[in-house]
Amino acid sequence: MLITMAKKKGKNNGTSDTAERPDAVEEQTAEEPTTTIEKSEPQEVKDTPIEDMDVEDLRAELSLARAEITQLKAELAGKVQDRDTPYKGSKPADVQELQEKLQRLRKEQQEADAARDKAWKQLKAVVQEISSLANPDYLQSLQVKAHE
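See the structure below:
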């Protein structure tokens, strides 16, 4: 009798003597999902259409996944080329315009720094004057002069 067994994850399709025969184990590890075990009884082919459909479905799914991988690789290659293009094709006029803008910004920053330093010095002078006016000795001298 000829028995056909389908290899599936986590499923055992009946009992077999594969553990007793080492050559049968080698047959199961081959790329084909089905293995054949021979017995001394008259030969019959036991067809399992559900398992064959599963194999066909899996093969179709595998071919779709491979096609999707090929498509994604092509898209990725296009994106890498698109990313590199703007940097290589910069116009000299654009670069010059950006350099001029950068110079203007640097000049404005220098002017802002100078104005900040001037304002800080003025603030220090005002705080110093207020401190001297709040000094008790200075206040006493003003009161003495006022009484005289």
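First residue of the sequence shown: 0, per numbering that gives the first Met the number 0; consecutive thereafter.
Note that CB positions come from ideal geometry on N, CA and C, so glycine has one too.
How is the alpha helix (DSSP H) around residue i delimited, first residue to last?
i: K90; result: Where K90 is concerned, there is no enclosing alpha helix (DSSP H), given that its DSSP letter is neither H nor E.
If you run the structure through DSSP and keep just helix, strand and coil, what is residue i?
i: Q139; result: helix
i: A23; result: Residue confidence is low: A23 scores 48 on pLDDT, short of 50, so the model does not pin down where it sits. Its coordinate-derived value is still stated next. Three-state result, A23: helix.
Nearer than 7 Å: is that true of the beta carbon of residue i relative to any heavy atom of the ligand HEM?
i: K120; result: In the structure shown, the ligand HEM is absent, as is every other ligand, since no ligand is present at all.
- Message: As an exercise, report each continuous beta strand (DSSP E) stretch of at least 3 residues that is fully enclosed by the segment 65-135, in chain order.
- Response: none
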